[in-house]
Amino acid sequence: MPKCTVNGIEVEVKDGATVIEAFMKTNESIAHYCWHPGLSVAGVCRMCMVEIEGNPRLQIACNTPVQDGMVVYNNSEKVKEAVEWTLKFHLINHPLDCPICDQAGECGLQEYYMSHGSYDSEMAERKVKKHKVVDLGEKVVLDTERCILCSRCVRFTDEVTKTNELGIFNRGDRSEIGTFENRPLNNKYSLNTVDICPVGALTSKDFRFRQRVWFLKSFETICQGCSAGCNVQAYYNENGFYRVKPVPNEEVNGHWMCDEGRDVYKFANKEHRLVSGIKKEDSGLSHMAPGAAAVQLREDLSDTKKAALVLTGQYTTEEYLKFVDSFTKNYGNEVYHWINNPKTFDDFDGILLRGDKNPNTVGLLRVLEGKGIKSSWADLEEKLNSGQIEHLVVAGPENLAVFPDLEEKVTLFGQAQKLTVLTPVKSKFYESADYQIPMKSFMEKDGTFVNHKGIEQKLGRGPIVVSQALTLLDLSMILDGSDFISVNSASMGGSL
Amino acid sequence: MSIVKKENSLSKWYLPGILKGLGITFRNLIKNLTSRDEMLTLNYPEEKYEYGPRFKGNHVLTVKKDGSLRCTACMLCATNCPADCITIVAAEHDDPSVEKYPINYEIDILRCVFCGFCEEACPVDAIRMGPEWQVPGVNGASFINNISELAYRPSLGGGIKTVLDDEERIKGGI
Ligand code: SF4
Ligand code: SF4
Ligand code: SF4
Ligand code: SF4
Ligand code: FES
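Taken in order, these protein sequences are the chains called A and B.
Taking the working numbering, the leading residue of the first sequence gets 1, the next gets one more, and so forth.
Taking the working numbering, the leading residue of the second sequence gets 1001, the next gets one more, and so forth.
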């Protein structure tokens, strides 16, 4: 393992590592656009200039392997001047769109202009005009004037998705990123290009113009979209959630996440949520506080002989543990696992996306196994068809989009004499249920998801959207006889 | 508040102070009656005070030569506003050379402190503070000014035009 000295700090790196990786290891700042830890080295932006002792010329850090005993620094006047000039070249034809550019606030050009630039432009020539608002595909919009041709996006479609939709066309200062005829950028990971674009050239249609980034707060959590369990950063403000972006985790998702997963914030927003408990009465639906509905449910269940529980893989392990425990203790061992898409359940697309569209199937299976519950779906169907189940409690999904069988299943569940649906989101299919009790979404609670590999990951609790909604933990306390709802999820943390 | 007390023998008596005060009152009464031009007060609302041209009164959203809003919905004014009283909803414009524009722009004028920071933040001279300052209204709702009020109220006569237009800007290579 070679050792080198970076700005006076000695650091040991892996064999074959480059100087920029040594910089990353020491947390010394180094300007860079084209280098990305998840992609190959291109060495085109020339921002990562460093001075190597014994070498008369400056070198780029991203494409220079560390040699044992190397002494490198990037804080000399020579390097600073070189970086400033490189930035000047990058900005020659830049449109300075910042006021209408979605990247403003998290833009590499703005950042380095403040840290390495702060010059007055010396360009007297006219700027080269290029294409603006180019529709690249279903999700991404391109502004070729803002592009600095770092080629990160091209390398991404080349190396990660291997779909090769993007390319650099033309030459010199007329070079532009673009797609080939009839081959739009429509792969399942296309929005990663927006994340890795260091400037505002690639923007996401979903997020475009909806909010300025500096108005958003964020927290880290786990994606709910499938059993891969990608680490994500969720962005929100007082009006709700706005976007999610991947957080690097070598073991789980590398640097990426899929486009589907970027939609999961939507159902957590208020407009999709069930906000009050609903009980079906002879006179119609009556709305009440979720806790009150849960207490009525408990009373209703207490004189039921045959109750059963259906669980989906969309809740946290802690919730399963406690809820299965109190349900079986109070109402018997009838617990079933609802698999939403058995045919495609084990699919894998070779990158991240899993066919199992539940974040915590493994957690659920572990809990059921731990409690010694072995039940089959066929059993449940048979019991429902023959009218053996008096009251069925369903811990329904929050991501309805991945439950294509929802309507069919709710009709099946309706064969029980009474049906209770626990759900964070509202759906017209639930209208026939006797009780609908609002649950918290994964954005609003603590807990653990276990991904397909068995890696346990903690959720990071964000702001509360529906403050009275329950978790399965709260509900199990109520079923166990308490009329109080735990402070834990009901009132802590900021609320929207 | 600090009170300065003068301790002398006269101030112990009640009447001398009263008479002195009344003296000032009558002196000013006679002065105002005889030379009305020098009077400091105005008979508002019949008479109105002319403020200087840089007075920061009610906001105006400027328009381009074609009459559409100059504002690009960059939200820098909303960011800079210390009273947090500007609400903007941005949208994609059909014309790619405009790209972004506000479909809703509201200023809660009762919360505004008329500091002018919005005017200062705007990169495209889209918001100015005009000379008008009377804002009568009958209920709270009428104090939330929207685009039609801010840009096209009758007193602006069709809108205040900015100097530089997009077309000229693009032609000039900016
Ligand atoms: S890419 Fe960056 S510098 Fe360029 S307009 Fe957008 S925010 Fe401004
Ligand atoms: S679009 Fe963005 S990521 Fe792609 S080359 Fe241009 S600057 Fe780089
Ligand atoms: S004048 Fe000041 S307080 Fe009023 S809208 Fe502008 S920035 Fe806000
Ligand atoms: S700063 Fe100017 S351009 Fe930006 S939103 Fe405000 S008024 Fe519009
Ligand atoms: S980061 Fe090294 S050349 Fe771009």
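From the three backbone atoms N, C-alpha and C, an ideal C-beta is built for every residue, glycine too.
Since residue i and residue j should fall inside the 8 Å C-beta cutoff, what is the C-beta to C-beta distance between them, to a whole number of angstroms?
{"i": "A/S441", "j": "A/F207", "result": "The pair is not a contact, with the Cβ atoms about 20 Å apart (cut-off 8 Å)."}
{"i": "B/G1130", "j": "B/G1057", "result": "5 Å"}
{"i": "A/H337", "j": "A/L368", "result": "7 Å"}
{"i": "A/D102", "j": "A/F209", "result": "7 Å"}
{"i": "A/V394", "j": "A/L422", "result": "7 Å"}
{"i": "B/N1146", "j": "B/C1118", "result": "Rounded, the Cβ-Cβ distance is 15 Å, inconsistent with contact."}
With a threshold of 8 Å between beta carbons, is residue i in contact with chain A?
{"i": "B/K1100", "result": "yes"}
{"i": "B/L1076", "result": "yes"}
{"i": "B/T1062", "result": "no"}
{"i": "B/T1072", "result": "yes"}
{"i": "B/D1124", "result": "The amino acid occupying residue 1124 of chain B in the given sequence is Val; Asp does not appear at that position. Yes, contact with chain A."}
{"i": "B/T1079", "result": "yes"}
{"i": "B/P1082", "result": "no"}
{"i": "B/P1136", "result": "no"}
{"i": "B/P1096", "result": "yes"}
Using a Cβ cut-off of 8 Å (strictly closer), state whether residue i contacts chain B.
{"i": "A/V133", "result": "yes"}
{"i": "A/V50", "result": "no"}
{"i": "A/P198", "result": "no"}
{"i": "A/I100", "result": "yes"}
{"i": "A/F89", "result": "no"}
{"i": "A/F518", "result": "The requested residue 518 of chain A is not part of the displayed model; chain A covers only 1 to 496."}
{"i": "A/R354", "result": "no"}
{"i": "A/R183", "result": "no"}
{"i": "A/G493", "result": "Because the pLDDT at A/G493 is just 41, under 50, the model does not fix this residue reliably, and the value given afterwards should be weighed accordingly. For A/G493, the answer is no, since every Cβ of chain B falls outside 8 Å of its Cβ."}
{"i": "A/F207", "result": "no"}
{"i": "A/W85", "result": "no"}
{"i": "A/W214", "result": "yes"}
Could you spell out the range, first to last residue, of the beta strand (DSSP E) harbouring residue i?
{"i": "A/H272", "result": "Where A/H272 is concerned, there is no enclosing beta strand (DSSP E), given that its DSSP letter is neither H nor E."}
{"i": "A/F23", "result": "Counting along the chain, A/F23 falls outside any beta strand (DSSP E), though it belongs to the alpha helix (DSSP H) covering 19 to 26."}
{"i": "A/R152", "result": "Premise fails: A/R152 lies in the alpha helix (DSSP H), 152 to 155, not in any beta strand (DSSP E)."}
{"i": "B/D1108", "result": "1100 to 1108"}
{"i": "A/K245", "result": "240 to 246"}
{"i": "A/M49", "result": "49 to 52"}
{"i": "A/K217", "result": "217 to 222"}
Put residue i into one of helix, strand or coil per three-state DSSP.
{"i": "B/K1171", "result": "helix"}
{"i": "A/V41", "result": "coil"}
{"i": "A/G167", "result": "strand"}
{"i": "B/N1028", "result": "helix"}
{"i": "A/E505", "result": "This structure cannot speak to residue 505 of chain A, because chain A is shown only from 1 to 496."}
{"i": "A/T5", "result": "strand"}
{"i": "A/L321", "result": "helix"}
{"i": "B/Y1049", "result": "coil"}
{"i": "B/N1080", "result": "helix"}
{"i": "A/T423", "result": "strand"}
{"i": "A/V367", "result": "helix"}
{"i": "B/L1019", "result": "helix"}
{"i": "A/E176", "result": "strand"}
{"i": "A/K458", "result": "strand"}
{"i": "A/H452", "result": "coil"}
{"i": "A/G254", "result": "strand"}
{"i": "B/N1145", "result": "strand"}
{"i": "A/I351", "result": "coil"}
{"i": "A/N237", "result": "strand"}
Between which two residues does the alpha helix (DSSP H) carrying residue i extend?
{"i": "A/Y315", "result": "Looking at the DSSP string, A/Y315 is not in any alpha helix (DSSP H), and its letter there is neither H nor E."}
{"i": "A/P290", "result": "290 to 302"}
{"i": "A/T193", "result": "191 to 196"}
{"i": "A/Y113", "result": "Where A/Y113 is concerned, there is no enclosing alpha helix (DSSP H), given that its DSSP letter is neither H nor E."}
{"i": "B/E1120", "result": "1117 to 1121"}
{"i": "A/D379", "result": "377 to 385"}
{"i": "A/E408", "result": "406 to 413"}
{"i": "A/M477", "result": "472 to 479"}
{"i": "A/L87", "result": "77 to 90"}
Taking 8 Å as the CB-CB cut-off, is residue i touching chain E?
{"i": "B/A1091", "result": "You won't find chain E in this structure, because its protein chains are A and B."}
Is it the case that the stretch 359 to 376 of chain A contacts the stretch 442 to 457 of chain A, given that we only count it when at least three CB pairs across the two stretches are under 8 Å?
yes
At least 3 beta-carbon pairs within less than 8 Å: the stretch 345 to 355 of chain A vs the stretch 404 to 420 of chain A
no
Would the stretch 79 to 86 of chain A and the stretch 109 to 120 of chain A be scored as touching if the rule is three or more Cβ pairs under 8 Å?
yes
Touch check for the stretch 216 to 236 of chain A and the stretch 246 to 256 of chain A: three-plus C-beta pairs under 8 Å?
yes
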